[in-house]
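Residue numbers (numbering that gives the first Met the number 0), protein chains in the order written: chain A, 0 to 320; chain B, 0 to 275.
Input: a single structure, listed below in structure tokens.
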Amino acid sequence: MNSSLYSDKSNSVISPATVVSEGNRLSASRLRRIREQLLGYLFLAPSLAVFLLFLFYPMVRSVYLSFQLTDPRGRVAAYAGWDNYTQMLESSAFWSSLWITVQFTLLTVPAGLALGLLCASLVHSAGRGNKLFRFIFSMPLAISVGTASILWMILYHPSLGMLNYLLGQIGMEPVQWLTDPGTALGSVSLMTIWMNSGFPFVLLLAAIQGLDNDIMDSSRIDGASSWRTFFSIKLPLLSPTLFFLAVVSIMNAFQSFGQINILTRGGPAGSTDVLVYSIYREAFVNYQFGTGSALAIVLFVLMLLLTAVQFLVLGKKVRYQ
Amino acid sequence: MTALRNRVRTISRYGVLILLSLLVLGPLLYLLAQIFMTPAEASQYPPKLLPSGLHTAELRNAINTVPIIGFILNSFVLATCIMVLQVLTAALAAYAFVYIRFAGSRFWFALFISTMMIPWEVTIIPNYLLVKSWGWLDSFQGLIVPFAASAFGVFLLRQFFLQLPRELFEAARIDGCGHFRHFFSVVLPLSGPAAASLAVYVFLNGWNQYLWPLLITSSDAMRTVQIGIAMLQFEELTSWNLVLCGVALVLVPSFVLLALGLKPLVRGITAGAVKG
Numbered sequence: 000m001n002s003s004l005y006s007d008k009s010n011s012v013i014s015p016a017t018v019v020s021e022g023n024r025l026s027a028s029r030l031r032r033i034r035e036q037l038l039g040y041l042f043l044a045p046s047l048a049v050f051l052l053f054l055f056y057p058m059v060r061s062v063y064l065s066f067q068l069t070d071p072r073g074r075v076a077a078y079a080g081w082d083n084y085t086q087m088l089e090s091s092a093f094w095s096s097l098w099i100t101v102q103f104t105l106l107t108v109p110a111g112l113a114l115g116l117l118c119a120s121l122v123h124s125a126g127r128g129n130k131l132f133r134f135i136f137s138m139p140l141a142i143s144v145g146t147a148s149i150l151w152m153i154l155y156h157p158s159l160g161m162l163n164y165l166l167g168q169i170g171m172e173p174v175q176w177l178t179d180p181g182t183a184l185g186s187v188s189l190m191t192i193w194m195n196s197g198f199p200f201v202l203l204l205a206a207i208q209g210l211d212n213d214i215m216d217s218s219r220i221d222g223a224s225s226w227r228t229f230f231s232i233k234l235p236l237l238s239p240t241l242f243f244l245a246v247v248s249i250m251n252a253f254q255s256f257g258q259i260n261i262l263t264r265g266g267p268a269g270s271t272d273v274l275v276y277s278i279y280r281e282a283f284v285n286y287q288f289g290t291g292s293a294l295a296i297v298l299f300v301l302m303l304l305l306t307a308v309q310f311l312v313l314g315k316k317v318r319y320q
Numbered sequence: 000m001t002a003l004r005n006r007v008r009t010i011s012r013y014g015v016l017i018l019l020s021l022l023v024l025g026p027l028l029y030l031l032a033q034i035f036m037t038p039a040e041a042s043q044y045p046p047k048l049l050p051s052g053l054h055t056a057e058l059r060n061a062i063n064t065v066p067i068i069g070f071i072l073n074s075f076v077l078a079t080c081i082m083v084l085q086v087l088t089a090a091l092a093a094y095a096f097v098y099i100r101f102a103g104s105r106f107w108f109a110l111f112i113s114t115m116m117i118p119w120e121v122t123i124i125p126n127y128l129l130v131k132s133w134g135w136l137d138s139f140q141g142l143i144v145p146f147a148a149s150a151f152g153v154f155l156l157r158q159f160f161l162q163l164p165r166e167l168f169e170a171a172r173i174d175g176c177g178h179f180r181h182f183f184s185v186v187l188p189l190s191g192p193a194a195a196s197l198a199v200y201v202f203l204n205g206w207n208q209y210l211w212p213l214l215i216t217s218s219d220a221m222r223t224v225q226i227g228i229a230m231l232q233f234e235e236l237t238s239w240n241l242v243l244c245g246v247a248l249v250l251v252p253s254f255v256l257l258a259l260g261l262k263p264l265v266r267g268i269t270a271g272a273v274k275g
């Protein structure tokens with residue numbers, strides 16, 4: 000829209016071309032337009048090349064591979080039809096992996112959002128020292144999955160770890176954090192909430208700071224308690240941000256891999272075998288690139304559905320405002 | 000009465016804040032205490048909370064015995080290259096979408112945005128096979144080139160370019176300034192804040208990458224920090240604080256970058272979130 004505005008103006012600029020004959024001017028402006036087209040594509044070309052090679056082509060290739068049987072070197076050995084999919088849907092491992100992924104999401108996302116909201120509201124209303132607290136709560140942004148996992152692996156050590164020592168100090172039994180199938184997923188989730196806590200905090204703090212102060216003040220003058228203000232005014236106003244965060248965090252949870260590979264390798268007894276880990280195991284441990292691709296396509300469809308939900312809900316929001 | 004209540008409220012608010020920050024900081028404080036202990040202190044049980052002094056022997060030991068400096072250099076090269084390439088490709092594409100009139104620009108923009116919906120994990124198998132068939136396994140180009148462009152970057156910079164005053168562009172055009180010159184001498188110098196946001200974000204992501212380097216690097220010479228440090232865990236299980244010294248060395252650059260670039264980073268994250 001903007002570009003049409005400026006082009007009208009640039010045509011009215013008096014240029015040497017206007018003095019030249021009509022025919023010449025036409026071809027000159029046409030030449031300029033073709034040049035402009037080519038330049039546009041030239042500027043896009045680097046990004047486009049990367050996307051074509053490393054996103055679109057592999058995406059299509061993933062679909063193709065999911066219908067094939069491959070040899071361990073990744074070469075197509077035979078056409079499998081829907082076999083990879085039917086096998087996957089019939090295997091209990093697939094459904095358990097999907098269920099574990101859902102559980103992992105439920106354990107990490109709501110707690111992560113609540114923690115982020117709590118920290119952000121407190122930091123926003125804190126006077127002195129709020130910069131220090133802001134930095135502390137943002138720190139996990141810089142922590143990678145590799146370093147976080149190793150740190151927590153040591154904290155979780157069953158006999159020598161700090162966590163069990165602290166539990167012992169308050170008179171509780173030691174926990175087999177990562178080696179008990181009943182607690183492993185919870186332990187990985189706890190560490191994940193810690194590791195990912197920076198992102199919701201930063202976004203929610205920005206959103207709270209962007210709220211209209213007048214509305215907050217007037218509700219306070221009207222005698223609403225700070226809890227009421229929070230639940231009936233702040234929370235609804237923050238709901239678009241919270242919703243966006245929820246979708247992004249769910250997507251993030253569905254794509255978790257590093258902490259599981261380092262802490263539990265999907266175990267014990269498959270209790271932390273999330274979807275991306277099973278893709279990794281299928282393709283890069285068992286060298287079944289066909290079935291691995293079928294799993295990847297399932298992940299893609301799930302992500303697509305989440306994006307669709309996001310657009311539908313956010314689209315509605317925008318219309319009602 | 001109300002003064003007292005306000006005071007109680009302030010104190011309890013700070014109490015909760017301090018408690019929460021201790022929860023977030025806890026593992027990092029533990030790390031900080033451990034790296035200055037002697038190996039004997041670190042492996043004591045019940046665990047010691049504080050080192051008896053600032054012992055740096057294990058830190059030096061980690062630097063000397065483990066190829067950690069090599070890992071750090073690899074990750075630094077990788078993250079820097081990805082950062083420079085991504086900012087450059089994103090700036091070029093964003094410029095085209097904002098300033099150049101060409102057929103299908105809306106279509107291409109929609110296509111670019113749609114790439115954000117493809118999770119990297121979905122394409123990882125064909126990407127691995129592709130990179131392998133080119134002989135790019137265990138190489139910098141294999142680690143860097145697939146990440147040389149991002150839709151998020153294009154989107155972020157496009158939003159910023161749209162806010163630049165249009166008059167600048169028209170003035171440059173009247174002066175006979177072509178797109179290349181306009182891009183390099185007007186738009187690029189002005190896009191500092193947005194480029195900084197993108198750069199910090201991309202560098203941290205590159206530094207923290209895990210799955211892709213895990214798949215395509217196999218030699219110690221090409222290992223990145225995140226993979227190298229995780230390998231350490233399995234090899235040197237006996238000496239915790241040597242491993243933790245490695246972890247600390249890997250975290251230092253990230254925290255320095257965060258301290259320097261928190262503002263642009265937050266700006267980038269929030270700008271990306273507003274439009275989703």
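Here a beta-carbon is modelled for each residue, glycine too, at the ideal position from N, C-alpha and C.
If you're wondering where the values come from, they're calculated on a predicted model, not measured in any experiment.
Helix, strand or coil at residue i [DSSP, three-state]
| i | result |
| --- | --- |
| A/Asn1 | Because A/Asn1 carries a pLDDT of 41, less than 50, the predicted location of this residue cannot be relied on, and the following value inherits that uncertainty. Helix. |
| A/Thr69 | strand |
| A/Tyr286 | coil |
| A/Gly265 | coil |
| B/Cys80 | helix |
| A/Gly146 | The sequence given here has Thr at residue 146 of chain A, not Gly. DSSP places A/Thr146 in helix when its eight states are reduced to three. |
| A/Phe299 | helix |
| B/Ala102 | coil |
| B/Pro163 | According to the sequence as given, residue 163 of chain B is Leu; it is not Pro. In this structure, B/Leu163 counts as coil in the three-state DSSP scheme. |
| A/Thr306 | helix |
| B/Gln158 | helix |
| A/Ser255 | coil |
| B/Ile117 | coil |
| B/Pro50 | coil |
| B/Pro66 | coil |
| A/Gly126 | coil |
| A/Ser231 | helix |
| B/Val199 | helix |
| B/Gln208 | coil |
| A/Gly222 | coil |
| A/Ser238 | helix |
| A/Ser137 | helix |
| A/Tyr275 | What sits at residue 275 of chain A in the sequence shown is Val, not Tyr. Note: A/Val275 maps to helix in three-state DSSP. |
Selected residue, minimal CA-CA separation from residue i, among the options
| i | options | result |
| --- | --- | --- |
| A/Ser143 | B/Ile62, B/Pro46, B/Leu16 and B/Tyr200 | B/Tyr200 |
| B/Leu84 | B/Leu243, B/Asn207, B/Leu142 and B/Val251 | B/Leu142 |
| B/Arg157 | B/Ala90, B/Gly14, B/His54 and B/Ala148 | B/Ala90 |
| A/Lys176 | A/Leu112, A/Ile153, A/Met194 and A/Gly197 | Note on residue identity: the sequence assigns Trp, not Lys, to residue 176 of chain A. For A/Trp176, the nearest C-alpha among the options comes from A/Ile153. |
| A/Ile259 | A/Ser137, A/Gln168, A/Thr271 and A/Pro57 | A/Thr271 |
| A/Thr100 | A/Leu38, A/Ile214, A/Ile249 and A/Pro45 | A/Ile249 |
| A/Ala183 | A/Val59, A/Leu51, A/Leu38 and A/Val273 | A/Val273 |
| A/Leu207 | A/Val187, A/Leu30 and A/Leu234 | Checking the sequence shown, residue 207 of chain A turns out to be Ile, not Leu. With distances taken between Cα atoms, A/Ile207 lies closest to A/Leu234. |
| B/Pro252 | B/Ala78, B/Ala39, B/Ile268 and B/Leu3 | B/Ala78 |
| B/Gly260 | A/Ser231, A/Met138, A/Val312 and A/Val187 | A/Met138 |
| A/Thr290 | A/Ala44, A/Gly73, A/Trp151 and A/Ala48 | A/Gly73 |
Cβ distance (whole Å) where residue i is taken to contact residue j below 8 angstroms
| i | j | result |
| --- | --- | --- |
| B/Gly245 | B/Ala56 | Not quite, the Cβ-Cβ distance comes to about 14 angstroms (not below 8 angstroms), so this is no contact. |
| A/Leu64 | A/Ala76 | Not quite, the Cβ-Cβ distance comes to about 11 angstroms (not below 8 angstroms), so this is no contact. |
| A/Phe253 | A/Leu301 | 6 angstroms |
| A/Ser196 | B/Val23 | 6 angstroms |
| A/Leu131 | B/Leu257 | Not quite, the Cβ-Cβ distance comes to about 14 angstroms (not below 8 angstroms), so this is no contact. |
| A/Val246 | A/Leu162 | Not really, about 32 angstroms apart at Cβ, beyond 8 angstroms. |
| B/Leu210 | A/Phe53 | Not really, about 14 angstroms apart at Cβ, beyond 8 angstroms. |
Practice prompt. Residues of the stretch 42 to 59 of chain A with a CB closer than 9 angstroms to any CB of chain B: list them in chain order, please.
Written response: Considering only beta carbons, the part of the stretch 42 to 59 of chain A lying closer than 9 angstroms to chain B consists of Phe42, Leu43, Ala44, Pro45, Ser46, Leu47, Ala48, Val49, Phe50, Leu52, Phe53, Leu54, Phe55, Tyr56, Pro57, Met58 and Val59, in chain order.
Practice prompt. Residues of the stretch 163 to 189 of chain B with a CB closer than 9 angstroms to any CB of chain A: list them in chain order, please.
Written response: Arg165, Phe168, Glu169, Arg172, Ile173, Gly177, His178, Phe179 and Phe182: these are the residues of the stretch 163 to 189 of chain B whose beta carbon lies less than 9 angstroms from some beta carbon of chain A, given in chain order.
Worksheet item: For the stretch 137 to 163 of chain B, which residues have a CB atom closer than 9 angstroms to at least one CB atom of chain A, in sequence order?
Response: Only Val144, Pro145, Phe146, Ala147, Ala148, Ser149, Ala150, Gly152, Val153 and Leu161 from the stretch 137 to 163 of chain B bring a Cβ to less than 9 angstroms from some Cβ of chain A.
Worksheet entry | Whole runs of the beta strand (DSSP E) within the stretch 214 to 268 of chain B, excluding any shorter than 3 residues | Whole beta strand (DSSP E) segments, 3+ residues: zero.
Item to complete: Starting from the N-terminal side, write out each stretch of the alpha helix (DSSP H) that is 4 residues or longer and does not extend beyond the stretch 154 to 219 of chain A.
Response: Secondary structure within the stretch 154 to 219 of chain A: the alpha helix (DSSP H) runs of 4 or more consecutive residues, fully enclosed, are 161 to 168, 183 to 194 and 197 to 208 (chain order).
Worksheet entry | Continuous beta strand (DSSP E) assignments of at least 3 residues falling wholly in the stretch 35 to 122 of chain A | Listed in chain order, they are 67 to 69 and 75 to 78.
Worksheet item: Between the stretch 1 to 16 of chain B and chain A, which residues of the former have a C-beta closer than 9 angstroms to a C-beta of the latter?
Response: Against chain A - using a Cβ distance shorter than 9 angstroms - the residues of the stretch 1 to 16 of chain B are Arg8, Thr9, Arg12, Tyr13, Val15 and Leu16.
Item to complete: Scan the stretch 128 to 154 of chain B and note each continuous alpha helix (DSSP H) run of 4 residues or more that stays entirely inside, going in chain order.
Response: 139 to 143, all fully within the stretch 128 to 154 of chain B.
Discussion item. So within the stretch 5 to 46 of chain B, which uninterrupted beta strand (DSSP E) runs reach at least 3 residues, ignoring any that extend past its ends?
Written reply: Taking only runs of at least 3 residues, no beta strand (DSSP E) segment lies wholly in the stretch 5 to 46 of chain B.
Item to complete: Can you give me, in chain order, the residues of the stretch 250 to 261 of chain B that have a beta carbon less than 8 angstroms from any beta carbon in chain A?
Response: Within the stretch 250 to 261 of chain B, the qualifying residues are Leu250, Ser253, Phe254, Leu256, Leu257, Ala258 and Leu261.
Worksheet item: the stretch 193 to 208 of chain B: which residues have C-beta closer than 9 angstroms to a C-beta of chain A, in chain order?
Response: Taking 9 angstroms as the upper bound on Cβ-Cβ separation, chain A lies near residues Leu203, Trp206, Asn207 and Gln208 of the stretch 193 to 208 of chain B.
Worksheet item: If contact means a Cβ-Cβ distance below 8 angstroms, which residues of the stretch 276 to 294 of chain A contact chain B?
Response: Here the close residues are Ile278, Tyr279, Ala282, Phe283, Phe288, Gly291 and Ser292.
Worksheet item: Which residues, in order along the stretch 51 to 78 of chain B, keep a beta-carbon less than 7 angstroms from a beta-carbon of chain A?
Response: Answer set for the stretch 51 to 78 of chain B: empty.
Fill in: Near-chain B residues of the stretch 202 to 226 of chain A - C-beta to any C-beta below 7 angstroms
The residues in question are Leu202 and Ala205.
Discussion item. So if I threshold CB-CB distances at 9 angstroms, which residues from the stretch 107 to 129 of chain B count as touching chain A?
Written reply: So the close ones are Trp107, Leu110, Phe111, Thr114, Met115, Met116, Ile117, Pro118, Trp119, Glu120, Val121, Thr122, Ile123, Ile124, Pro125, Asn126, Tyr127, Leu128 and Leu129.
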